[in-house]
Amino acid sequence: MSAVTRAAVEAVLRQYLDPHLDQDPVSAGCLRDLAIDGGRVRVRLELGYAAGLFKAGWAELLKSGLENLAGVTDASVQVDCVIPAHQVPAQTQALAGVKNVIAVASGKGGVGKSTTAANLALALAREGARVGILDADIYGPSQGLMLGIPDGTRPQVKDGQWFVPLEAHGVQVMSMAFLADERTPMVWRGPMASGALLQLITQSAWDNLDYLVVDMPPGTGDIQLTLAQKVPVAGALIVTTPQDLALLDARKGVEMFAKVNIPVLGVVENMAMHVCSNCGHVEHLFGEGGGEKLAAQYGVEVLASLPLAMAIREQADGGRPTVVAEPDGPLALLYQQLARKVGARLLRQAAPAMPSISISED
Numbered sequence: 001m002s003a004v005t006r007a008a009v010e011a012v013l014r015q016y017l018d019p020h021l022d023q024d025p026v027s028a029g030c031l032r033d034l035a036i037d038g039g040r041v042r043v044r045l046e047l048g049y050a051a052g053l054f055k056a057g058w059a060e061l062l063k064s065g066l067e068n069l070a071g072v073t074d075a076s077v078q079v080d081c082v083i084p085a086h087q088v089p090a091q092t093q094a095l096a097g098v099k100n101v102i103a104v105a106s107g108k109g110g111v112g113k114s115t116t117a118a119n120l121a122l123a124l125a126r127e128g129a130r131v132g133i134l135d136a137d138i139y140g141p142s143q144g145l146m147l148g149i150p151d152g153t154r155p156q157v158k159d160g161q162w163f164v165p166l167e168a169h170g171v172q173v174m175s176m177a178f179l180a181d182e183r184t185p186m187v188w189r190g191p192m193a194s195g196a197l198l199q200l201i202t203q204s205a206w207d208n209l210d211y212l213v214v215d216m217p218p219g220t221g222d223i224q225l226t227l228a229q230k231v232p233v234a235g236a237l238i239v240t241t242p243q244d245l246a247l248l249d250a251r252k253g254v255e256m257f258a259k260v261n262i263p264v265l266g267v268v269e270n271m272a273m274h275v276c277s278n279c280g281h282v283e284h285l286f287g288e289g290g291g292e293k294l295a296a297q298y299g300v301e302v303l304a305s306l307p308l309a310m311a312i313r314e315q316a317d318g319g320r321p322t323v324v325a326e327p328d329g330p331l332a333l334l335y336q337q338l339a340r341k342v343g344a345r346l347l348r349q350a351a352p353a354m355p356s357i358s359i360s361e362d
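Take the sequence shown: its position 86, counted from the start at 1, is 86 in UniProt numbering, and no numbers get skipped.
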């Protein structure tokens, strides 16, 4: 029987492509430990993104591949998810209790940005991450309603200076709506709104978050620029519809993040198609291929293409977004895939290399 070698084990692992990192686990730097004891092989991988619903199947697939390697009598693969913190630029102060800030933005309103942000946060939580969501739309906050938080609910105040975020469906939530009546409009000029947002985000007692999803207001004005310049945003997600007008405004959003050196992780094409509930006929009501054109123009990816579905709207309006309302349904699976891809793209943006692996051949 031929002896099992490290090179042979790595060669097997290199045959499998992580669908979120678009690399094999060895090239992606996920291999942490590799132990060979005669015909017994023990492998430990570490994914740097939230993938709780993916890792068991991934481990089993790699294990089956190793078991087919000549000389292997027993194989085990352990996959862990350890999410690193974003390396904050020297001129920006890190947010206490937050590893990574993800901005969900759009150039214009009405494209489903807030619904996407809510489902993204919930999907990241289902993957095992500790997640918060900040409703940064000062003038039109909606996350409280979408996440089922009753009107009039107020956050507790800690030590006289910290707002304790509310919790909904396992996600920490903070919004200006929790500090004012829903019937009271925020009649503020840009600098006042920007100051209020900064106070809200920096004086919230976030509890050990892997990801803070920020539901940005539409547009590219004072609030967006303040957040981009003062808060250590690790990456931005652009939400658009295929409609030409939405794409025009979405380009402005991409350009804004480029000017403040925030990487765009990808594009979410919302309302990409409508599937008739009676006959199954597919129609592209807002055009076709717009998201791909936008992504190609700026060298990013379309991370998700979501349908125009009444269920998504009804579930969000009812306080139970799709990911928690129908967690095993096809729409929720699209959001789970989006969550894993967003986490993986954040990891690829990180400059530091992965730590070296520990190998033993006994």
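For each residue, glycine too, the CB sits at the ideal point set by N, CA and C.
Keep in mind that this is a model prediction, so the values were computed, not measured.
Which residue from 303, 102 and 219 puts its Cα closest to that of residue 212? Mapped onto the sequence shown, residue 212 falls at position 212. Of 303, 102 and 219, the residue nearest in Cα terms is 102.
Quick one: what does DSSP say residue 41 is sitting in, helix, strand or coil? As a first step, residue 41 must be located in the sequence shown, where it is residue number 41. Residue 41 falls in the strand class under three-state DSSP.
Run the CB neighbour count on residue 49, radius 10 Å, all protein chains shown included, and call it buried at 16 or more, exposed below. On the sequence shown, position 49 is the one that residue 49 refers to. Its Cβ being crowded by 16 or more others within 10 Å, residue 49 is buried.
Give the single residue among 112, 344, 144 and 205 whose Cα lies nearest to the Cα of residue 159. Within the sequence shown, numbered from 1, the residue matching residue 159 stands at position 159. If we check each option's Cα against that of residue 159, 205 comes out closest.
Would you grab the beta carbon distance between residue 263 and residue 161 for me? Rounded to a whole angstrom, and I think it's under 8 Å. Within the sequence shown, numbered from 1, the residue matching residue 263 stands at position 263. Within the sequence shown, numbered from 1, the residue matching residue 161 stands at position 161. The distance from the Cβ of residue 263 to that of residue 161 is about 32 Å, inconsistent with a contact at the 8 Å cut-off.
Of the listed residues 151, 251 and 214, nearest to residue 240 (C-alpha basis): Within the sequence shown, the letter at position 240 stands for residue 240. Of the candidates 151, 251 and 214, the one whose C-alpha sits nearest the C-alpha of residue 240 is 251.
On the three-state DSSP scale, how would you describe residue 202? Taking the sequence shown and counting its residues from 1, the one referred to as residue 202 is at position 202. Reduced to three states, the DSSP call for residue 202 is helix.
In the DSSP assignment, what residue or residues form a beta bridge with residue 305? Within the sequence shown, numbered from 1, the residue matching residue 305 stands at position 305. DSSP, once it has assigned bridges, lists 269 as partnering residue 305.
So is residue 259 buried or exposed if we call it buried at 16+ other beta carbons inside 10 Å? Start at 1 with the first residue of the sequence shown, and residue 259 comes out as number 259. Classification of residue 259: exposed, given that the 10 Å Cβ count is below 16.
In angstroms with no decimal places, state the Cα-to-Cα distance between residue 347 and residue 315. On the sequence shown, position 347 is the one that residue 347 refers to. On the sequence shown, position 315 is the one that residue 315 refers to. Taking the Cα positions, residue 347 is about 31 Å away from residue 315.
Taking contact to mean 3 or more Cβ pairs, one atom from each stretch, closer than 8 Å, check whether the region 142-152 and the region 232-239 are in contact. no
Using only alpha-carbon positions, find the residue among 197, 10, 306 and 238 that is nearest to residue 66. Mapped onto the sequence shown, residue 66 falls at position 66. Closest by C-alpha distance to residue 66, out of 197, 10, 306 and 238, is 10.
Tell whether a beta-carbon distance below 9 Å holds between residue 332 and residue 119. On the sequence shown, residue 332 is found 332 positions in, with the first residue counted as 1. On the sequence shown, residue 119 is found 119 positions in, with the first residue counted as 1. Yes, Cβ-Cβ distance for residue 332 and residue 119 is below 9 Å.
Kindly indicate the opening and closing residues of the beta strand (DSSP E) around residue 79. Position 79 of the sequence shown, counted from the first residue, corresponds to residue 79. Segment 74-81, the beta strand (DSSP E) holding residue 79.
Euclidean distance between Cα positions of residue 223 and residue 75: Here residue 223 corresponds to residue number 223 of the sequence shown, with the count starting at 1. Here residue 75 corresponds to residue number 75 of the sequence shown, with the count starting at 1. Each residue's Cα considered, the two are about 53 Å apart.
For the ligand ADP, any of its heavy atoms closer than 8 Å to the Cβ of residue 101? The ligand ADP is not part of the structure shown, which contains no ligands of any sort.
Of all the options 142, 303, 344 and 166, which has the alpha carbon lying nearest to the alpha carbon of residue 132? Locating residue 132 in the sequence shown gives position 132, where the first residue counts as 1. Taking only the C-alpha atoms, the option nearest residue 132 is 166.
For residue 124, count neighbouring Cβ atoms within 10 angstroms of its own Cβ and tell me buried if that reaches 16, exposed if not. As a working note, residue 124 is residue 124 in the sequence shown. It counts as buried.
For residue 32, name the three-state secondary structure that DSSP assigns. One-based indexing of the sequence shown puts residue 32 at position 32. Note: residue 32 maps to strand in three-state DSSP.
Measure the C-alpha to C-alpha separation of residue 354 and residue 27 and round it to an integer number of angstroms. By one-based count along the sequence shown, residue 354 stands at place 354. By one-based count along the sequence shown, residue 27 stands at place 27. Residue placement at residue 354 is flagged as unreliable, the pLDDT there being 41, under the threshold of 50; the coordinate-derived value follows with that caveat. Spanning the two alpha carbons is a distance of roughly 10 Å.
Can you tell me whether DSSP reads residue 27 as helix, strand or coil? Position 27 of the sequence shown holds residue 27. In the structure shown, residue 27 sits in coil (DSSP, three-state: anything other than H, G, I, E or B).
In whole angstroms, what is the alpha-carbon distance linking residue 345 and residue 249? As a working note, residue 345 is residue 345 in the sequence shown. As a working note, residue 249 is residue 249 in the sequence shown. Taking the straight line joining both Cα atoms gives about 23 Å.
Spatial distance of residue 318 from residue 329 (CA atoms): Indexing the sequence shown from 1 puts residue 318 at position 318. Indexing the sequence shown from 1 puts residue 329 at position 329. Roughly 17 Å between the two C-alpha positions.
On the DSSP bridge assignment, give the partners of residue 262 in chain order. Start at 1 with the first residue of the sequence shown, and residue 262 comes out as number 262. Looking at the DSSP assignment, residue 262 forms no beta bridge with any residue, so it has no partner.
Can you tell me whether DSSP reads residue 168 as helix, strand or coil? Position 168 of the sequence shown holds residue 168. The answer is strand: DSSP assigns residue 168 an E or B state.
C-alpha distance - residue 179 paired with residue 59, whole-angstrom precision: Residue numbering aside, residue 179 sits at position 179 when the sequence shown is read from its first letter. Residue numbering aside, residue 59 sits at position 59 when the sequence shown is read from its first letter. Roughly 46 Å between the two C-alpha positions.
So if DSSP puts residue 162 in a beta bridge, which residue, or which two residues, is it bridged to? The count along the sequence shown starts at 1 and reaches residue 162 at position 162. The partner list for residue 162 (beta bridge, DSSP) reads 158.
Buried or exposed: residue 210, going by 16 or more other Cβ atoms within 10 Å of its Cβ? For the purposes of this step, residue 210 is taken as the residue at position 210 of the sequence shown. Result: buried.
In terms of DSSP beta bridges, what is residue 174 paired with? Along the sequence shown, one-based indexing puts residue 174 at 174. In the DSSP output, where bridge partners are listed per residue, residue 174 has 134.
Reduced DSSP secondary structure (H/G/I, E/B, other) of residue 17: As a first step, residue 17 is located in the sequence shown; it is residue number 17 there, counting from the start. Three-state result, residue 17: coil.
Beta-carbon proximity check, residue 363 vs residue 114, cutoff 9 Å: With the chain represented from 1 up to 362, any question about residue 363 goes unanswered, as that position is not in the structure.
For the beta strand (DSSP E) containing residue 240, list its first residue and its last residue. As a position in the sequence shown, residue 240 is number 240, starting the count at 1. Per DSSP, residue 240 belongs to the beta strand (DSSP E) from 233-240.
Figure out for me which residue from 92, 142, 22 and 87 has the closest Cα to the Cα of residue 198. Taking the sequence shown and counting its residues from 1, the one referred to as residue 198 is at position 198. Considering only alpha carbons, the answer is 92.
Distance, Cα to Cα, residue 299 vs residue 268? Residue mapping note: residue 299 aligns to position 299 of the sequence shown, counting from 1. Residue mapping note: residue 268 aligns to position 268 of the sequence shown, counting from 1. Spanning the two alpha carbons is a distance of roughly 14 Å.
Straight-line gap, residue 111 to residue 88 (C-alpha atoms, nearest Å): One-based indexing of the sequence shown puts residue 111 at position 111. One-based indexing of the sequence shown puts residue 88 at position 88. Computed Cα separation, rounded: 30 Å.
Can you check whether the CB of residue 40 is closer than 9 Å to the CB of residue 374? Since the displayed the chain opens at 1 and closes at 362, residue 374 lies outside it and no answer follows.
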